[in-house]
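Residue numbers (the working numbering), protein chains in the order written: chain S, 883 to 1289; chain A, 883 to 1289.
Protein chains: 2
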Amino acid sequence: MEIITGGVTAAKGFEASGYEGGIKYKNRKDMAMIYSQKPCVAAGVFTSNVVKAAPVLWDKEVVDNAPFAQAVIVNAGIANACTGKEGYGYCKETAEVAAKALHIPEHAVFVASTGVIGMQLPMDKISAGVVELAKLKKETMEAGTSAAEAIMTTDTKSKQVAVQVMIGGKKVTVGGMCKGSGMIHPNMCTMLGFVTSDVAIAKELLQEALSENVKDTFNMISVDGDTSTNDTLLVLTNGMAENTQITQKGADYDTFVEALNYVNTELAKKMAGDGEGATALFETKVIHAKDKEQAKTLAKSVICSSLTKAAIFGHDANWGRILCAMGYSGAMFDPEQVELFFQSKAGEIQIYKDGVATDYSEEEATKILSEPEVTVVVDMKAGDATATAWGCDLTYDYVKINADYRS
Amino acid sequence: MEIITGGVTAAKGFEASGYEGGIKYKNRKDMAMIYSQKPCVAAGVFTSNVVKAAPVLWDKEVVDNAPFAQAVIVNAGIANACTGKEGYGYCKETAEVAAKALHIPEHAVFVASTGVIGMQLPMDKISAGVVELAKLKKETMEAGTSAAEAIMTTDTKSKQVAVQVMIGGKKVTVGGMCKGSGMIHPNMCTMLGFVTSDVAIAKELLQEALSENVKDTFNMISVDGDTSTNDTLLVLTNGMAENTQITQKGADYDTFVEALNYVNTELAKKMAGDGEGATALFETKVIHAKDKEQAKTLAKSVICSSLTKAAIFGHDANWGRILCAMGYSGAMFDPEQVELFFQSKAGEIQIYKDGVATDYSEEEATKILSEPEVTVVVDMKAGDATATAWGCDLTYDYVKINADYRS
Chain S
883 MEIITGGVTA AKGFEASGYE GGIKYKNRKD MAMIYSQKPC VAAGVFTSNV VKAAPVLWDK
943 EVVDNAPFAQ AVIVNAGIAN ACTGKEGYGY CKETAEVAAK ALHIPEHAVF VASTGVIGMQ
1003 LPMDKISAGV VELAKLKKET MEAGTSAAEA IMTTDTKSKQ VAVQVMIGGK KVTVGGMCKG
1063 SGMIHPNMCT MLGFVTSDVA IAKELLQEAL SENVKDTFNM ISVDGDTSTN DTLLVLTNGM
1123 AENTQITQKG ADYDTFVEAL NYVNTELAKK MAGDGEGATA LFETKVIHAK DKEQAKTLAK
1183 SVICSSLTKA AIFGHDANWG RILCAMGYSG AMFDPEQVEL FFQSKAGEIQ IYKDGVATDY
1243 SEEEATKILS EPEVTVVVDM KAGDATATAW GCDLTYDYVK INADYRS
Chain A
883 MEIITGGVTA AKGFEASGYE GGIKYKNRKD MAMIYSQKPC VAAGVFTSNV VKAAPVLWDK
943 EVVDNAPFAQ AVIVNAGIAN ACTGKEGYGY CKETAEVAAK ALHIPEHAVF VASTGVIGMQ
1003 LPMDKISAGV VELAKLKKET MEAGTSAAEA IMTTDTKSKQ VAVQVMIGGK KVTVGGMCKG
1063 SGMIHPNMCT MLGFVTSDVA IAKELLQEAL SENVKDTFNM ISVDGDTSTN DTLLVLTNGM
1123 AENTQITQKG ADYDTFVEAL NYVNTELAKK MAGDGEGATA LFETKVIHAK DKEQAKTLAK
1183 SVICSSLTKA AIFGHDANWG RILCAMGYSG AMFDPEQVEL FFQSKAGEIQ IYKDGVATDY
1243 SEEEATKILS EPEVTVVVDM KAGDATATAW GCDLTYDYVK INADYRS
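Right, dumping it as structure tokens:
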């Protein structure tokens, strides 16, 4: 597997664009398009929130019933959630405008929105923006970056990843982009993520690969425990790599899943590390757990603990909060048997063993915790299962951003 | 029912004291004693965290097996959690010292600790403190207040409540104290709460009354979603009101439960409103829910949402976050049917109806949300069940307090 630069335009035949539609923000791009020159097999996973935004309902319809997909229209600023029938109508209208501009069927168009809940979209601006996006779309890396920038809300960085693998003697590319960075606690997929690939693969296998993979990638991150109404992760594959179509599990499928896993993991980590107000990516790796379920439950509980997150912000080796978060996770275990370690580029240190603190140096621990990426390793000493979850620290800026998000 | 001033010394025959033991803090009381002149029937509920602090293990033992209880020793500063066999030994030692000083059996002594996890107690200071507490104890209201002040950690106010009811022609008093204010998400009871009463009641009924009541009181509050390792709520009753002992359910039992419910509710609200860094008590009242379970799930999910809590801090009527938190709570409902209202001393306003925002005034909403106690009323329009949960806003100071708690 080769890691390359790029995002949604890295795979063959995919174009993208970003545009300043004036939806809500001023002086920045807030609309994006992804377009494939050929019809795509598509798969999607969506929020498990009972309150589903209108675009989620529209996209589920497309994934389930449309014969193919070929474009995605995204806007930032307004989430089109809690907007009733009027909001759903705007999804359809957006798809109609895009279909006309791109000469594709209306049901080949995905739509996605992110931003404030409860406001209606300014449909005239959206329509005008879609027409411009269609004119601007290009196959270049820059066009991919422009789209990745346009979908940002409180993100501080755009997020793109791409890799190449060989499948059946053909070079296959998988690339993606996503955005965070608040209301992030995906319970099916993430806020907004888009992955494109030129692989040729059957629709059922693509959906299975995606549904399985999000469990270990996007579903293992949390910024604030709030599962959004808009979570959407779409994968579009257009077959232009010309590999023999993957129609069953086996070596080719595994290679594609490996590439998809890399892209999803890196996008998920970028999202966690750029959580609202975050100064650090906070990783929790549970090893030697009894089973996978236990490992995942423990890892997620630790990265979700407000107290632990605040301690990470303070570079404070307050390991008791980690053990406490494990204790209320719902997983059963013997606290006396567990071992805890802190890890970062600055080193590794054991903190807890045999039910009590080790004789570690607070100074060294603080040094390790002062890096922009810190890891807690939890050794359960009970089995072979492993899981990793990613979050971020809890900071003044998280409060600042969210106390006054709408104004 | 008459509400009176006072706390753990309000009921007949209860004495208390507070003392500056120098456990960890400087220039403040950090040790407290509650003592009953007569042996007590006792009940307790404790943390459901798998990682249980040593005093929790000790107290469970006393509740389950001791013939009676007569005293409680509390220290603040060090939690005696994750301290292994050594920590449990210190509980026993504390009880021994208290038993000797008070001339009661060792197993009539409860111990409770709150503060930093992972440190060992300075046993010499604890022992010396217990001896002093025994000398200082008094029946006065001031003595109760002294104890309530001594158990504080990051609390900004001491917390006491007391009421009187008539049972079988006798005046019965129920009083209590508690402390918060971080790592508060009780899943069995609260951080530390102590209720005393002179009622005469059978042990099984007392435990049942307590276990049932915490479900609607202490288990309905959250400051930060972190269920502590030390959560303990004890009720001691010494029978000195001389009512005919309550040995079965009926009018007398109901009257006592009403008094207990008032004390527990008010203590729980005090704890939520004085959550770490909080500027407001944030109440969520779910009405007309399908069933009690749904009402409780929804109410708790709203008061636990970091995004909603931050919006309350900003006096921002960001109702979409409330609906979002209801949506990911796990409860099933039709979002289009729900109605939302904001309430406070400054007025009431409807915010959401028929799936969309009402035409409310942002200015008026902000005015309502600027009070120190704000309520969200969620009308499910689906049945008769009701539940209320209490939390607080999420502020800069929460982060500040917890990024640097140990130093």
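Every residue, glycine too, gets a C-beta built ideally from N, C-alpha and C.
> What's the C-alpha gap between S/A1239 and A/A935?
Replying inline: Residue mapping note: residue 1239 of chain S aligns to position 357 of the first sequence, counting from 1. Residue mapping note: residue 935 of chain A aligns to position 53 of the second sequence, counting from 1. Distance between the alpha carbons of S/A1239 and A/A935 is about 14 Å.
> Is it true that the CB of A/V1047 sits closer than 8 Å to the CB of A/V1054?
Replying inline: The count along the second sequence starts at 1 and reaches residue 1054 of chain A at position 172. The count along the second sequence starts at 1 and reaches residue 1047 of chain A at position 165. Closer than 8 Å, so yes.
> Taking Cβ positions only, does A/I1231 come closer than 8 Å to chain S?
Replying inline: Taking the first residue of the second sequence as 1, we reach residue 1231 of chain A at position 349. Not a single CB atom of chain S sits nearer than 8 Å to the CB of A/I1231.
>> Extract the residue ranges of the alpha helix (DSSP H) inside the region 1181-1217 of chain S, only unbroken runs of 4 or more that lie entirely within it.
In response: Those alpha helix (DSSP H) runs which fall completely within the region 1181-1217 of chain S and span 4+ residues are 1188-1195 and 1201-1209.
> Closest Cβ-Cβ distance between A/F1164 and chain S: below 8 Å?
Replying inline: In the second sequence, counting from the first residue as 1, residue 1164 of chain A sits at position 282. With 8 Å as the cut-off, A/F1164 does not count as an interface residue toward chain S.
> Counting pairs of Cβ atoms below 8 Å between the region 1199-1216 of chain S and the region 897-905 of chain A, do you hit three or more?
Replying inline: No, the region 1199-1216 of chain S is not in contact with the region 897-905 of chain A.
> If A/A1247 and A/A1199 are in contact, beta carbons under 8 Å, what's the gap, nearest whole angstrom?
Replying inline: On the second sequence, position 365 is the one that residue 1247 of chain A refers to. On the second sequence, position 317 is the one that residue 1199 of chain A refers to. Going by Cβ atoms, the distance from A/A1247 to A/A1199 rounds to 4 Å, so yes, they are a contact pair.
> Do S/G1196 and A/A1285 have their C-beta atoms closer together than 8 Å?
Replying inline: Position 314 of the first sequence holds residue 1196 of chain S. Position 403 of the second sequence holds residue 1285 of chain A. Yes, the pair counts as a contact, with Cβ atoms nearer than the cut-off.
> Do S/G1057 and S/V890 have their C-beta atoms closer together than 8 Å?
Replying inline: Here residue 1057 of chain S refers to the residue found at position 175 when the first sequence is read from its first residue. Here residue 890 of chain S refers to the residue found at position 8 when the first sequence is read from its first residue. One thing to note: S/G1057 has its Cβ within 8 Å of the Cβ of S/V890.
> Helix, strand or coil: which one does DSSP assign to S/F928?
Replying inline: For this step, residue 928 of chain S is matched to residue 46 along the first sequence. The three-state secondary structure of S/F928, taken from DSSP, is strand.
> How is the beta strand (DSSP E) around A/T973 delimited, first residue to last?
Replying inline: For the purposes of this step, residue 973 of chain A is identified with residue 91 of the second sequence, where counting begins at 1. With the sequence shown as reference, residue 973 of chain A is identified as Cys, and Thr is not the correct amino acid for it. Element bounds for A/C973: not the beta strand (DSSP E) but the alpha helix (DSSP H), G966 to L984.
> Are the beta-carbon atoms of S/D1275 and S/K1191 separated by less than 8 Å?
Replying inline: Here residue 1275 of chain S refers to the residue found at position 393 when the first sequence is read from its first residue. Here residue 1191 of chain S refers to the residue found at position 309 when the first sequence is read from its first residue. Inclusion of S/D1275 and S/K1191 in the CB contact set at 8 Å is warranted, their separation being smaller than that value.
> How about S/Q952 and S/C922: do their beta carbons lie closer than 8 Å?
Replying inline: The residue labelled residue 952 of chain S in the question sits at position 70 within the first sequence. The residue labelled residue 922 of chain S in the question sits at position 40 within the first sequence. The Cβ atoms of S/Q952 and S/C922 lie closer than 8 Å to each other.
> Taking a cut of 7 Å between CB atoms, which residues from the region 952-969 of chain A lie near chain S?
Replying inline: Identification of residues in the region 952-969 of chain A having a C-beta nearer than 7 Å to some C-beta of chain S yields A963, C964, T965 and G966, given in sequence order.
> Quick one: is S/G1229 buried, meaning 16 or more other Cβ sit within 10 Å of its Cβ, or exposed?
Replying inline: Indexing the first sequence from 1 puts residue 1229 of chain S at position 347. Looking at its Cβ environment, which holds fewer than 16 other Cβ atoms inside 10 Å, S/G1229 is exposed.
> When burial is assigned at 16 or more other CB atoms within 10 Å of the CB, is S/E1245 buried or exposed?
Replying inline: In the first sequence, counting from the first residue as 1, residue 1245 of chain S sits at position 363. With fewer than 16 other beta carbons inside 10 angstroms of its own, S/E1245 counts as exposed.
>> Let me check understanding here. Comparing Cα to Cα, which of A/K1061, A/A1150, A/A1010 and A/W940 lies closest to A/A1029?
In response: Looking up residue 1029 of chain A in the second sequence gives position 147. If we check each option's Cα against that of A/A1029, A/K1061 comes out closest.
> At which residue ranges does the region 1082-1149 of chain A contain complete alpha helix (DSSP H) runs of 4 or more residues, listed in the order of the chain?
Replying inline: If we require 4 residues or more, the alpha helix (DSSP H) runs fully inside the region 1082-1149 of chain A come out as 1085-1096.
>> Suppose you measure from the CA of S/G1159 to the CA of A/A1084; what does that come to, to the nearest Å?
In response: Reading the first sequence from its first residue, position 277 is the one you call residue 1159 of chain S. Reading the second sequence from its first residue, position 202 is the one you call residue 1084 of chain A. So the two alpha carbons sit approximately 54 Å from each other.
>> Does A/E853 come out as helix, strand or coil in the three-state DSSP assignment?
In response: Residue coverage of chain A in this structure runs from 883 to 1289, which leaves residue 853 of chain A outside it and unanswerable.
> Nearest-angstrom Cα distance between A/C1071 and A/E1140?
Replying inline: For this step, residue 1071 of chain A is matched to residue 189 along the second sequence. For this step, residue 1140 of chain A is matched to residue 258 along the second sequence. Caution applies to A/C1071, whose pLDDT of 35 falls short of 50 and renders its modelled position unreliable; the value that the coordinates give is listed next. Rounded to the nearest angstrom, the gap between the Cα atoms of A/C1071 and A/E1140 is 18 Å.
> Bridge partners of S/K1167, per DSSP?
Replying inline: In the first sequence, counting from the first residue as 1, residue 1167 of chain S sits at position 285. According to DSSP, S/K1167 shares a beta bridge with S/V1259 and S/T1270.
> Can you tell which of A/A994, A/S1252, A/I1185 and A/V927 has the C-alpha that lies nearest to the C-alpha of A/N1146?
Replying inline: Within the second sequence, numbered from 1, the residue matching residue 1146 of chain A stands at position 264. Looking at the Cα atoms, A/V927 is the closest of the given residues.
>> Taking 8 Å as the threshold (beta carbon to beta carbon), is A/F1195 in contact with chain S?
In response: Mapped onto the second sequence, residue 1195 of chain A falls at position 313. A/F1195 counts as touching chain S.
> What residue ranges within the region 999-1047 of chain A form continuous alpha helix (DSSP H) runs of no fewer than 4 residues, ordered along the chain?
Replying inline: Runs found: 1005-1018 and 1023-1032.
>> Given this structure, state the Cα-to-Cα distance separating A/A924 from A/L1205, to the nearest angstrom.
In response: As a first step, residue 924 of chain A must be located in the second sequence, where it is residue number 42. As a first step, residue 1205 of chain A must be located in the second sequence, where it is residue number 323. Rounded to whole angstroms, A/A924 to A/L1205 spans 42 Å at the Cα level.
> Using a C-beta to C-beta distance shorter than 9 Å, which residues of chain S count as neighbours of A/V1096?
Replying inline: Numbered from its first residue, the second sequence carries residue 1096 of chain A at position 214. Correct list: empty, because the minimum Cβ distance to chain S is about 16 Å.
> Is it true that the CB of S/G1202 sits closer than 8 Å to the CB of A/I1033?
Replying inline: Here residue 1033 of chain A is taken as the residue at index 151 of the second sequence, counted from 1. Here residue 1202 of chain S is taken as the residue at index 320 of the first sequence, counted from 1. No, Cβ-Cβ distance for A/I1033 and S/G1202 is not below 8 Å.
>> Can you tell me whether S/A892 is buried or exposed? The criterion is at least 16 other CB atoms within 10 Å of its CB, across all chains shown.
In response: Residue numbering aside, residue 892 of chain S sits at position 10 when the first sequence is read from its first letter. It is buried - the Cβ of S/A892 has at least 16 other Cβ atoms within 10 Å.
>> Using 8 Å as the cut-off, can you tell me whether the region 1117-1126 of chain S makes contact with the region 1075-1084 of chain S, which would need three or more C-beta pairs spanning the two stretches below that distance?
In response: Result yes; three or more Cβ-Cβ pairs closer than 8 Å.
>> Within a Cβ cutoff of 8 Å, which residues of the same chain sit near A/E943, ignoring the five residues on either side of it in sequence?
In response: Against the second sequence, residue 943 of chain A aligns to sequence position 61. Within its own chain, the residues whose Cβ lies closer than 8 Å to the Cβ of A/E943, once the five positions on either side in sequence are excluded, are H989, listed in chain order.
> So which residues on chain A does S/N1284 lean against when the C-beta distance must stay under 7 Å?
Replying inline: As a working note, residue 1284 of chain S is residue 402 in the first sequence. Near S/N1284 (Cβ distances below 7 Å), the residues of chain A are L1189, A1192 and A1193.
>> So, for A/A994: in the same chain, excluding its five sequence neighbours on each side, which residues have a beta-carbon less than 6 Å away from its beta-carbon?
In response: The sequence position of residue 994 of chain A within the second sequence is 112, counting from 1. Cβ neighbours of A/A994 beyond the five flanking positions: P937, V956, L1074 and T1114.
>> Using beta carbons (cut-off 8 Å, strictly below), is A/E897 in contact with chain S?
In response: Mapped onto the second sequence, residue 897 of chain A falls at position 15. Not closer than 8 Å to any Cβ of chain S, the Cβ of A/E897 fails to qualify, so no.
> Excluding the five sequence neighbours on either side, which residues of its own chain have a C-beta within less than 6 Å of the C-beta of S/Y1278, listed in chain order?
Replying inline: The residue given as residue 1278 of chain S occupies position 396 in the first sequence. Excluding residues within five positions, none has a Cβ falling inside 6 Å.
> DSSP on A/L939, reduced to helix/strand/coil?
Replying inline: The count along the second sequence starts at 1 and reaches residue 939 of chain A at position 57. A/L939 carries a helical assignment under DSSP once its states are collapsed to helix, strand and coil.
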